[in-house]
Amino acid sequence: MPASPALEVRGLVKRYDGRAVVDHLDLVARPGAVTAVLGPNGAGKTTTVECCEGLRAPDAGTVRVLGLDPVADARRLRPRVGVMLQDGGLPTGVRALEMLRHVASMYARPRDVAELSARLGLDSFARTTVRRLSGGQRQRLALAAAVVGRPEVVFLDEPSAGMDPQSRRAVWDLVRELRADGVAIVLTTHLMDEAQDLADLVHVVDHGRVIASGTVADLLADGGDAADAPATVLVEATPGLETEPLAKALAALPHAAAQPGGAAKPGSPVPDAGDAPPADTSPWSVVAGADGTYTVTGPVDPRAVEAVAAWLADQGVLARSVTTGRGTGRTLEDVFLDLTGRHLR
Amino acid sequence: MTTTQPGTVHPAEPPASGEDRAAPAWRRIAAQASFETRAILRNGEQLLVTIVLPVLVLVGLVRTSFLDLDTQGWSRVDFVTPGVLALAVMSTAFTSQAIATAFDRRNGVLRLLATTPLGRGGLLAGKVLGVLAVEVVQVVVIAGVALALGWRPALAGLPAVVGVTLLGTAAFTALALLLAGTLRAEGVLAVANLLLVLLLVGGGVLLPAGELAAPLAHLAVLLPSGALGEAMRGALLEGTVPAFSVVVLLGWTAALGWGASKLFRWH
Ligand SMILES: Nc1ncnc2c1ncn2[C@@H]1O[C@H](COP(=O)(O)OP(=O)(O)O)[C@@H](O)[C@H]1O
Ligand SMILES: [Mg+2]
Numbered sequence: 328m329p330a331s332p333a334l335e336v337r338g339l340v341k342r343y344d345g346r347a348v349v350d351h352l353d354l355v356a357r358p359g360a361v362t363a364v365l366g367p368n369g370a371g372k373t374t375t376v377e378c379c380e381g382l383r384a385p386d387a388g389t390v391r392v393l394g395l396d397p398v399a400d401a402r403r404l405r406p407r408v409g410v411m412l413q414d415g416g417l418p419t420g421v422r423a424l425e426m427l428r429h430v431a432s433m434y435a436r437p438r439d440v441a442e443l444s445a446r447l448g449l450d451s452f453a454r455t456t457v458r459r460l461s462g463g464q465r466q467r468l469a470l471a472a473a474v475v476g477r478p479e480v481v482f483l484d485e486p487s488a489g490m491d492p493q494s495r496r497a498v499w500d501l502v503r504e505l506r507a508d509g510v511a512i513v514l515t516t517h518l519m520d521e522a523q524d525l526a527d528l529v530h531v532v533d534h535g536r537v538i539a540s541g542t543v544a545d546l547l548a549d550g551g552d553a554a555d556a557p558a559t560v561l562v563e564a565t566p567g568l569e570t571e572p573l574a575k576a577l578a579a580l581p582h583a584a585a586q587p588g589g590a591a592k593p594g595s596p597v598p599d600a601g602d603a604p605p606a607d608t609s610p611w612s613v614v615a616g617a618d619g620t621y622t623v624t625g626p627v628d629p630r631a632v633e634a635v636a637a638w639l640a641d642q643g644v645l646a647r648s649v650t651t652g653r654g655t656g657r658t659l660e661d662v663f664l665d666l667t668g669r670h671l672r
Numbered sequence: 100m101t102t103t104q105p106g107t108v109h110p111a112e113p114p115a116s117g118e119d120r121a122a123p124a125w126r127r128i129a130a131q132a133s134f135e136t137r138a139i140l141r142n143g144e145q146l147l148v149t150i151v152l153p154v155l156v157l158v159g160l161v162r163t164s165f166l167d168l169d170t171q172g173w174s175r176v177d178f179v180t181p182g183v184l185a186l187a188v189m190s191t192a193f194t195s196q197a198i199a200t201a202f203d204r205r206n207g208v209l210r211l212l213a214t215t216p217l218g219r220g221g222l223l224a225g226k227v228l229g230v231l232a233v234e235v236v237q238v239v240v241i242a243g244v245a246l247a248l249g250w251r252p253a254l255a256g257l258p259a260v261v262g263v264t265l266l267g268t269a270a271f272t273a274l275a276l277l278l279a280g281t282l283r284a285e286g287v288l289a290v291a292n293l294l295l296v297l298l299l300v301g302g303g304v305l306l307p308a309g310e311l312a313a314p315l316a317h318l319a320v321l322l323p324s325g326a327l328g329e330a331m332r333g334a335l336l337e338g339t340v341p342a343f344s345v346v347v348l349l350g351w352t353a354a355l356g357w358g359a360s361k362l363f364r365w366h
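Here you go:
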């Protein structure tokens with residue numbers, strides 16, 4: 328039986344001045360999983376998590392955190408839920424570590440403050456007042472405050488905002504560790520790589536509604552028909568390589584199940600003139616991008632990769648990367664832009 | 100919708116009741132009170148308003164004849180000190196608390212603390228206790244200076260002073276929260292300072308309302324500032340608190356407390 332959800336949101340509606348900024352939104356998060364709420368600015372992510380945190384009362388719909396109502400059962404829920412607000416919520420006049428100690432003192436068995444602060448690199452600014460911290464330092468302190476009480480559910484609103492790559496890594500490592508400990512982590516983000524690398528489940532939100540849900544793989548598949556997409560070898564090398572020898576070599580390969588029409592999908596880079604497959608019957612296509620990437624599409628098998636490697640060797644080029652896969656390198660960002668549109672908010 | 104592989108719900112732990120994962124309520128509130136007290140006593144501007152200003156007023160009124168006081172037969176220091184103590188209560192419970200709460204509200208501090216086991220009720224309790232702790236420091240400093248200047252308070256009125264201080268604190272903290280919870284932080288900064296100056300000059304705090312110009316004299320006794328001032332003077336000069344002042348303070352506390360609880364916005 329699947330574990331009961333740590334968070335269950337059904338038909339959530341929240342209006343400001345009559346305008347519904349969260350509009351019949353459904354959301355589920357499970358223990359031991361990272362659930363990302365992904366959406367553009369103004370999509371209603373913060374409003375949604377604030378309803379889950381008991382900071383705002385819904386206008387309609389139900390929110391259950393660990394089976395409890397965040398507003399009515401707040402007293403029972405608060406010790407079990409950790410919160411990192413988008414705007415930090417840190418008092419500005421106190422020193423960083425003093426703030427963390429203070430939040431820790433609200434719990435019966437908090438995490439070890441020294442260990443946590445070493446973990447998140449807070450020691451270097453432990454005695455600095457919050458007012459003087461950089462954005463990334465504040466974010467790390469706010470994250471520490473969210474987890475210091477050993478919560479079962481953690482809400483992180485745009486946790487990586489303003490962080491350098493090192494901080495981000497430290498934060499992601501901590502999130503993964505929490506997940507391994509069975510904590511339900513709900514994070515909002517508009518960063519694709521954050522959702523892609525971290526989330527077990529992604530809810531794409533726009534205009535206050537969930538417009539797509541699933542694992543990253545599901546979303547990539549639903550958005551791009553990846554399961555049916557022809558296999559590819561993606562080569563990152565230098566621009567201007569002759570592709571004809573490769574096309575010829577591939578066409579000469581024996582292959583059992585010739586896939587008809589293994590042409591590049593629309594949306595892939597436009598082939599250079601003269602890059603067309605040498606024979607009409609070849610299931611292979613080789614498409615050169617202007618940036619030195621080459622997409623080889625067809626019935627990819629180890630022999631095909633060997634042919635690609637031999638072609639590169641013949642040209643005396645060491646590729647930066649050779650990747651096999653399906654589709655044409657669609658990312659979550661492509662799916663996201665397809666779902667939410669490309670205009671600015 | 101698709102779901103990931105299910106996680107497991109802590110099989111070893113019995114379903115935690117929640118409340119036993121929080122520190123005991125008294126410890127949470129004590130921690131918050133001490134946090135608030137330290138924040139006020141460490142902030143230069145707050146110290147200026149809560150400690151330096153009352154002491155300057157005390158020394159200024161006692162040692163200079165800059166104001167021609169009708170001390171009604173009392174010594175200058177005996178006559179002025181109760182009002183300075185009332186001013187100290189106002190500066191901490193009202194001005195300093197309004198400004199601190201307004202900026203904490205703007206910066207999301209109130210919301211963040213409300214999500215911890217402290218909760219909104221604990222936050223309020225911590226704030227009130229923090230105010231009282233700062234007032235203890237004020238009373239020690241002001242009484243020390245006043246005694247050095249020859250102050251002889253009516254000892255019989257000392258227990259009443261405690262009650263008057265608590266009542267004044269309640270009324271002015273409610274006013275502070277009403278402002279802090281409804282106006283923008285910059286607005287609160289301006290209004291809280293301005294109001295303190297206005298009440299100081301014309302609110303019957305330092306000097307008896309009766310010594311003010313005619314229309315103000317009648318008005319000031321009905322203000323929380325005038326009522327607090329009269330109550331302090333009654334206790335420390337004569338050893339008895341006028342019932343009228345107590346009724347006025349109770350009325351303001353009820354009205355402002357009701358307003359703050361209805362109108363306070365956390366966002
Ligand atoms: N207190 C508020 N009053 C009025 N409108 C608000 C308020 N808070 C947010 N909004 C509006 O609601 C929408 C959703 O905001 P928010 O939940 O913060 O989105 P996100 O976190 O996804 O960027 C935005 O259009 C925002 O301007
Ligand atoms: Mg947001």
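Here the protein sequences come in this chain order: S and Z. The number in this note's numbering is simply the position in the first sequence, starting from 1, with 327 added. The number in this note's numbering is simply the position in the second sequence, starting from 1, with 99 added. Beta carbons are placed, not taken as given, at the ideal position from N, Cα and C, and that holds for glycine. Nothing here was measured: the structure is a model prediction, and the numbers come from that model.
Tell me, please, whether the CB atom of residue i is closer than 9 angstroms to any CB atom in chain Z?
i	result
S432 of chain S	yes
A579 of chain S	no
Q586 of chain S	In this prediction, Q586 of chain S scores a pLDDT of 45, lower than 50, which makes its location untrustworthy; the coordinate-derived value is nonetheless stated afterwards. No, because no Cβ of chain Z sits closer than 9 angstroms to the Cβ of Q586 of chain S.
G371 of chain S	no
H429 of chain S	yes
P406 of chain S	yes
A269 of chain S	The shown model of chain S, from 328 to 672, leaves out residue 269 of chain S, and the question about it has no answer.
A445 of chain S	no
G476 of chain S	yes
G338 of chain S	no
R436 of chain S	yes
A472 of chain S	yes
L666 of chain S	no
On the premise that residue j lies in contact with residue i, defined as a C-beta separation below 8 angstroms, what is that separation, rounded to the nearest angstrom?
i	j	result
P314 of chain Z	E329 of chain Z	Actually they do not touch by this definition, with Cβ atoms about 18 angstroms apart.
L275 of chain Z	T200 of chain Z	The question names Leu, but residue 275 of chain Z in the sequence shown is Ala. With a Cβ gap of about 6 angstroms, A275 of chain Z and T200 of chain Z count as contacting.
V627 of chain S	V649 of chain S	Actually they do not touch by this definition, with Cβ atoms about 11 angstroms apart.
A453 of chain S	R407 of chain S	Between R407 of chain S and A453 of chain S the Cβ distance is about 27 angstroms, and since that is not below 8 angstroms, they are no contact.
L443 of chain S	A471 of chain S	5 angstroms
Out of the options, which has the shortest C-alpha to C-alpha gap to residue i?
i	options	result
D203 of chain Z	Z:P323, Z:P123 and Z:L288	Z:L288
R210 of chain Z	S:P418, S:R391, S:V457 and S:D400	S:P418
G280 of chain Z	Z:V235, Z:W357 and Z:V230	Z:W357
G218 of chain Z	S:P397, S:G509 and S:H351	S:P397
V320 of chain Z	Z:G350, Z:P123, Z:G262 and Z:R120	Z:G350
D169 of chain Z	Z:V236, Z:T163 and Z:F178	Z:F178
L514 of chain S	S:A445, S:T565 and S:T373	S:T373
L222 of chain Z	Z:A354, Z:S324, Z:F134 and Z:V156	Z:F134
L449 of chain S	S:Q642, S:L664, S:R458 and S:Q464	S:Q464
P486 of chain S	S:A507, S:G509 and S:T516	S:T516
R127 of chain Z	S:D500, S:S432 and S:E479	S:S432
Residues of chain Z with a CB under 9 angstroms from the CB of residue i: which are they?
i	result
V421 of chain S	F134, R137, A138 and R141
L412 of chain S	G207, R210, L211 and T214
L417 of chain S	N206, G207, V208 and L211
Between residue i and chain S, is any beta-carbon pair separated by less than 9 angstroms?
i	result
T180 of chain Z	no
A122 of chain Z	yes
W365 of chain Z	yes
K361 of chain Z	no
A279 of chain Z	no
A312 of chain Z	no
Q237 of chain Z	no
For residue i, which residues in chain Z fall below 8 angstroms Cβ to Cβ?
i	result
E380 of chain S	T214
Which chain S residues sit within Cβ distance under 8 angstroms of residue i?
i	result
D169 of chain Z	Those do not exist, as D169 of chain Z stays about 43 angstroms from chain S at its closest Cβ, beyond 8 angstroms.
R127 of chain Z	S432 and M433
A130 of chain Z	H429, S432 and M433
Are there any heavy atoms of ligand 3 lying less than 8 angstroms away from the beta-carbon of residue i, as far as the coordinates show?
i	result
N206 of chain Z	Within the structure as shown, ligand 3 is missing, the only ligands being ligand 1 and ligand 2.
So with CB distances below 7 angstroms, who are the chain Z contacts of residue i?
i	result
A401 of chain S	G218
Could you list the residues in the segment 177 to 211 of chain Z with a C-beta less than 7 angstroms from some C-beta on chain S, going in chain order?
D203, N206, G207, V208, R210 and L211
When you check each C-beta in the segment 210 to 234 of chain Z against every C-beta of chain S, which residues fall closer than 8 angstroms?
With the criterion set as a beta carbon lying under 8 angstroms from some beta carbon of chain S, the members of the segment 210 to 234 of chain Z are R210, L211, L212, A213, T214, T215, P216, L217 and G218, in sequence order.
Of the residues that make up the segment 518 to 545 of chain S, which ones have a beta carbon closer than 7 angstroms to any beta carbon in chain Z?
D527, L528, S540, G541, T542 and D545
Along the segment 383 to 399 of chain S, what residues have a CB closer than 7 angstroms to any CB found in chain Z?
none
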